[in-house]
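A short worksheet on the structure shown next.
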Amino acid sequence: MGIAQYDSINSIFGPIFDGSLLTRSVLATLRAWFPVYIKEIEIQRGWTPGQIPSPRTYVERWKFDSYPDEQVPIVVAVCPGMASPPTAAGDGILGGWWALGIGVIAAANTEDNSERLAKVYGAAARAIIEQKSYLDDAWEYSGTQVVDESYTDIPDIEQSRTMRAAQIICQVRVENIMTKGAGPYNLDPPDPDTQPGDDWPEVLAVFIDINVIPLTDPMPRED
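Using numbering that gives the first Met the number 0, read the sequence shown as starting at 0 and increasing by one per residue.
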């Protein structure tokens, strides 16, 4: 399922954000930049460029888990929800920090090499998220903060002999989560077969009550 290009800004409902938009934006950003950052790390370490493969698989998940060897290196994005209550940015528009986890699972011929690979992938993911904090143009993201990085064993006992993982815990600032007070003014929900959308009925009449308050003349009049 792709990210819809519906004009939510001009919708009577206003934009409505959900966590899967964030994980898909993060995965798209990581997929685009991982090869460049891995090569940069190889150069900084004095390794021959091309020795470390780019991740093969990018997936959204509810939690970090184990995966078959043929899918690694694999990047997993997890969004457990909001990191803190949203705040008002004016005109009823809400923004806030969302929690994000990035896991990278790697496997090599030895435990030491697997651990080294996982840490390199974790470093690349951390640098990409911090340095490309705008992510993509699927939504308005205004900053990221990496709050933790750890290296863990894979839960499955058999896989843990050759597979290692790095986990990056972040929070992402998301603007225009929703607009308070937006939405239709109907007392009853409209027919979903014809609404929602931009084609809402036009206002046929507007009634305005004007109270005329007499003012005292600022200057006396000459007869």
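By construction, the Cβ of each residue, glycine as well, lies at the ideal position given by its N, Cα and C atoms.
Secondary-structure assignment with DSSP links residue 149 through a beta bridge to 166.
The beta carbons of residue 71 and residue 106 sit closer together than 7 angstroms.
Here residue 57 carries a strand assignment [DSSP, helix/strand/coil]. If you draw a 10 Å sphere on the C-beta of residue 113, you find 16 or more other C-beta atoms in it, and that means buried. Contact between residue 177 and residue 13 holds, since their C-beta atoms are separated by about 6 angstroms, short of 8 angstroms. Residue 78 sits away from residue 128, with the two beta carbons spaced by 7 angstroms or more.
Distances from the CA of residue 95 to each of 82, 89, 102 were compared; the closest alpha carbon is that of 82.
Just so you know, the alpha carbons of residue 53 and residue 110 end up roughly 19 angstroms apart. Straight-line spacing of the CA atoms in residue 184 and residue 84 works out to 26 angstroms.
Looking at 135, 40, 115, 123, the one whose alpha-carbon comes closest to that of residue 167 is 123. The residue from 21, 88, 44, 174 with its alpha-carbon nearest to that of residue 139 is 174.
With a 10 Å radius around the Cβ and a threshold of 16 neighbouring Cβ atoms, residue 24 comes out buried. According to the DSSP assignment, residue 93 belongs to the beta strand (DSSP E) that extends over 92-106. Assignment of residue 140 by DSSP, reduced to helix, strand and coil, places it in the strand class.
Just measuring C-alpha positions, the residue of 57, 136, 92 sitting nearest residue 15 is 92. With contacts defined as CB atoms closer than 7 angstroms, residue 131 and residue 22 fail to qualify as a contacting pair. The beta carbons of residue 11 and residue 181 sit about 7 angstroms from each other, so the pair counts as a contact at 8 angstroms. From the listed residues 163, 143, 80, 121, the smallest Cα separation to residue 108 is found for 163. Non-local C-beta neighbours of residue 60 in its own chain, meaning closer than 7 angstroms and more than five positions away in sequence, comprise 75, 77, ordered along the chain. Contact between residue 101 and residue 73 does not hold, since their C-beta atoms are separated by about 11 angstroms, which reaches or exceeds 8 angstroms. Bridge pairing for residue 71: absent [DSSP].
In the DSSP assignment, residue 117 is bridged to no other residue. Under the 10 Å beta carbon count, residue 146 is surrounded by fewer than 16 other beta carbons and is classified as exposed.
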